[in-house]
Amino acid sequence: MKKITILLLLLNSGLIAAQTKTVLGPHGERITINPNGINDNLGNHTAAQTLNLDGNEISNVSDIFIKKEAQFFDQSNMNNNYFSLNKTNGTFGIYNSLAGKNALSIDEINSKTTVISAQIPKGTDASLPQKDYMAVSVDENGNVIWKPIYKIKGATTFQFLVGSSINSAYNSPAFNDLPGFNNYQYTAQATGTLVLKAVLISVVPNTAVKVTPTTVKTEMVININNTPAAFGSSLITAASNDSYVNGGGDFAASTVIYCHYHVTEGTTYKISIQARTADQTGTIPYYPSVGSYVGSYKHVGETNLDTFNVSSSLMGTLITD
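Heads up: take any position in the sequence shown, counting from 1, add 95, and you land on our numbering.
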């Protein structure tokens with residue numbers, strides 16, 4: 096009995112050492128099982144078939160290493176294009192097979208991110224982009240909203256440009272309207288400062304000058320809502336001798352007037368420009384006084400190439416609050 100016990104112990108230790116087990120099948124046949132034989136090391140061979148994880152997931156993984164590229168195909172079998180994750184020469188990229196290049200690239204040295212194209216379909220306030228709108232940061236976290244340029248604080252935007260080729264009244268001692276700038280209607284797109292720049296051409300007709308020299312002062316005023324907002328003047332000295340006349344034409348001067356006026360969004364303002372002849376010198380009793388007008392000037396040159404016309408203009412620019 097003692098020998099049998101020792102023999103069984105030896106057999107058992109031998110089976111354990113060999114890592115094999117012998118069992119009886121359902122029909123009485125002997126089946127030897129190697130427990131190590133059911134283990135599979137996926138790292139030492141290439142799978143012969145596609146690994147099907149449908150309905151399953153990979154979890155409890157500390158690290159996953161992709162040595163080349165991870166490709167993501169379309170769920171539709173009709174689309175064979177794919178995106179992939181890859182890293183080449185220190186650049187991590189999201190590759191678009193249809194475009195044949197990375198849609199996004201990140202440099203491992205400086206972390207600079209390059210995108211081929213970008214779009215923000217909606218701002219954090221649900222604002223939608225429109226043509227010529229800009230995405231503007233609203234806080235230090237980088238949240239953005241879409242705004243037209245003229246609604247951005249500090250933006251300077253062009254508002255209007257008008258001209259006048261019709262002259263004001265000649266030699267009028269009282270301020271009179273300059274046609275083209277008579278009650279121009281402007282509605283503010285945003286609250287801010289409206290900057291007006293008026294380039295006004297004052298003219299003394301050559302035919303009116305009879306004595307030398309003749310000096311004429313012209314005054315101009317910009318009105319907003321019928322109230323003077325800016326003022327300018329010109330001083331023209333003319334000669335009766337034709338050799339001093341501008342190519343046989345009239346005597347002209349250009350005056351630039353700037354005006355800064357605070358406006359409120361949605362409010363309409365009436366803008367007008369008026370001019371008058373303020374002073375004349377060099378006249379004598381038996382000659383009529385010499386005056387001026389504001390509007391356009393024609394320079395008469397020796398050739399057609401040297402002849403040109405210049406008209407007065409008014410430009411408006413808005414600086415948004």
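All C-beta atoms, glycine included, are put in the ideal place defined by N, C-alpha and C. Since we're looking at a predicted model, the values are computed, not measured.
Nearest residue (CA-CA) to residue i, options the options
i	options	result
residue 272	321, 197, 395	321
residue 265	401, 394, 390	390
residue 205	319, 187, 217	187
residue 263	275, 252, 257	275
residue 393	362, 349, 410, 385	349
residue 360	156, 287, 197	287
residue 452	311, 400, 292	Outside the displayed range of the chain (96 to 416) lies residue 452, so it cannot be described from this structure.
residue 248	296, 144, 278, 284	284
residue 295	144, 178, 362, 409	409
residue 210	179, 218, 199, 416	199
residue 365	395, 278, 309, 162	278
residue 314	306, 404, 298	298
residue 280	147, 411, 146	411
residue 179	190, 162, 153, 345	190
residue 270	310, 312, 316	316
residue 183	193, 171, 162	162
residue 312	172, 374, 334, 261	374
C-alpha gap between residue i and residue j, whole angstroms
i	j	result
residue 352	residue 407	11 Å
residue 160	residue 181	12 Å
residue 355	residue 328	18 Å
residue 388	residue 413	30 Å
residue 370	residue 347	15 Å
residue 331	residue 357	33 Å
residue 201	residue 223	29 Å
residue 246	residue 289	14 Å
residue 301	residue 255	34 Å
residue 185	residue 203	5 Å
residue 239	residue 229	9 Å
residue 386	residue 367	22 Å
residue 342	residue 213	Low confidence applies to residue 342: its pLDDT is 49, below 50, so where it sits in the model is not reliable, and the reading given next is rough at best. Straight-line Cα distance between these residues: approximately 59 Å.
residue 215	residue 402	53 Å
residue 165	residue 251	49 Å
residue 112	residue 197	Residue confidence is low: residue 112 scores 48 on pLDDT, short of 50, so the model does not pin down where it sits. No coordinate-derived value is stated.
residue 242	residue 226	10 Å
residue 176	residue 157	31 Å
residue 282	residue 362	5 Å
residue 208	residue 234	22 Å
residue 372	residue 323	17 Å
residue 168	residue 217	28 Å
residue 318	residue 416	23 Å
residue 144	residue 174	22 Å
residue 305	residue 268	20 Å
residue 220	residue 259	44 Å
residue 308	residue 384	13 Å
residue 155	residue 195	35 Å
residue 303	residue 400	27 Å
residue 170	residue 253	50 Å
residue 405	residue 261	11 Å
residue 146	residue 152	12 Å
residue 244	residue 231	10 Å
residue 395	residue 237	60 Å
DSSP-derived helix/strand/coil call for residue i
i	result
residue 246	helix
residue 400	helix
residue 332	strand
residue 264	coil
residue 318	strand
residue 302	helix
residue 98	Low confidence applies to residue 98: its pLDDT is 49, below 50, so where it sits in the model is not reliable, and the reading given next is rough at best. Here residue 98 sits in helix by DSSP.
residue 144	coil
residue 342	Reliability fails at residue 342, whose pLDDT of 49 lies under 50, so the model's placement of it is uncertain and no value is given.
residue 219	coil
residue 327	strand
residue 349	strand
residue 158	coil
residue 385	coil
residue 206	coil
For residue i: DSSP bridge partner residues
i	result
residue 178	167, 191
residue 255	411
residue 229	242
residue 287	358, 415
residue 271	370
residue 197	190
residue 393	404
residue 296	349, 390
residue 280	365
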